[in-house]
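Engineer: Residue 145 is where the sequence shown starts when you use the numbering used here, and the numbers rise one by one after that. Just dropping this structure here.
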Amino acid sequence: YNKPTQEGLYQHFKRIASEVSMPFIVYNVPGRTGVNLLPATVARLNKDIKDVIGIKEATGDLNQVSQVLEYCGPDFQVLSGDDFTVLPLLSVGGCGVISVVSNILPDKMSGMCAAWFAGDLPTAQKLHFELAPFSRMMFLETNPIPAKTSLALMGRIKLELRLPLVPMSPANAESLRAFLAGKGLI
145 YNKPTQEGLY QHFKRIASEV SMPFIVYNVP GRTGVNLLPA TVARLNKDIK DVIGIKEATG
205 DLNQVSQVLE YCGPDFQVLS GDDFTVLPLL SVGGCGVISV VSNILPDKMS GMCAAWFAGD
265 LPTAQKLHFE LAPFSRMMFL ETNPIPAKTS LALMGRIKLE LRLPLVPMSP ANAESLRAFL
325 AGKGLI
């Protein structure tokens, strides 16, 4: 375990860029890493490393997203890494999502984004609110456990988890099963 400084994060991504010859995005998920990749550091990465072309932003903080876009400019790709904030993130200039819920409902998530980009805010909002309960269910326990459990219940995969991930608690698994059944997915 470690909890790097902003300089440590910068040097980490700089090293990655020196070892690969392709554009890449950085992933900011402080809920998992214990450290937030701050907008000033993202801007420095964008300025100094041509292959850093975007970020998967999973802070849920629209002020931070706005700062990243302000500092990096409109060509910097900001993707939502938090299904709860996709539509709000798009509204401040984000360009898409790397989604957990899209494993379960890819058509609805891509449809919401397509509606937004087509200027159809009512449809985007409708899909946002349809997806919201799925977003909550996908985080009953640590991701990807609920997503994999859902896919297994839907008959799409065999449920396989690697330690330290373990199957959902019986109560949460039953809540998820009942939810999916109620939505006609199993």
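Quick reminder that beta carbons are idealized off the backbone N, C-alpha and C, glycines included.
Which residues mark the beginning and the end of the beta strand (DSSP E) in which S224 is found?
Structural biologist: Segment Q221 to S224, the beta strand (DSSP E) holding S224.
Engineer: Please confirm whether P148 and V179 have their CB atoms less than 8 Å apart.
Structural biologist: yes
Engineer: By the DSSP assignment, the beta strand (DSSP E) with G255 in it spans what residues?
Structural biologist: Where G255 is concerned, there is no enclosing beta strand (DSSP E), although the alpha helix (DSSP H) around it starts and stops at P250 to F261.
Engineer: So, at 7 Å on beta carbons, what are the nonlocal neighbours of M253 in its own chain, with the 5 sequence-adjacent residues on each side left out?
Structural biologist: V241, S243, V245, S246 and L275
Engineer: Starting from the C-beta of E214, find all residues in its chain whose C-beta is less than 6 Å away, skip the five residues before and the five after it, and write them out in chain order.
Structural biologist: none
Engineer: Alpha carbon to alpha carbon, how far is L153 from A258?
Structural biologist: 33 Å
Engineer: Pull up the distance between the alpha-carbon of G225 and that of Y171, whole angstroms please.
Structural biologist: 8 Å
Engineer: Using a Cβ-Cβ distance cut-off of 8 Å, determine whether S319 contacts chain B.
Structural biologist: Any reference to chain B falls outside this structure, which holds one protein chain only.
Engineer: L223 and I289 look like a contact to me (Cβ under 8 Å); what is the Cβ gap, rounded to whole Å?
Structural biologist: With a Cβ gap of about 23 Å, L223 and I289 do not count as contacting.
Engineer: Taking the CB atoms as reference points, tell me whether L249 and F278 lie closer together than 8 Å.
Structural biologist: yes
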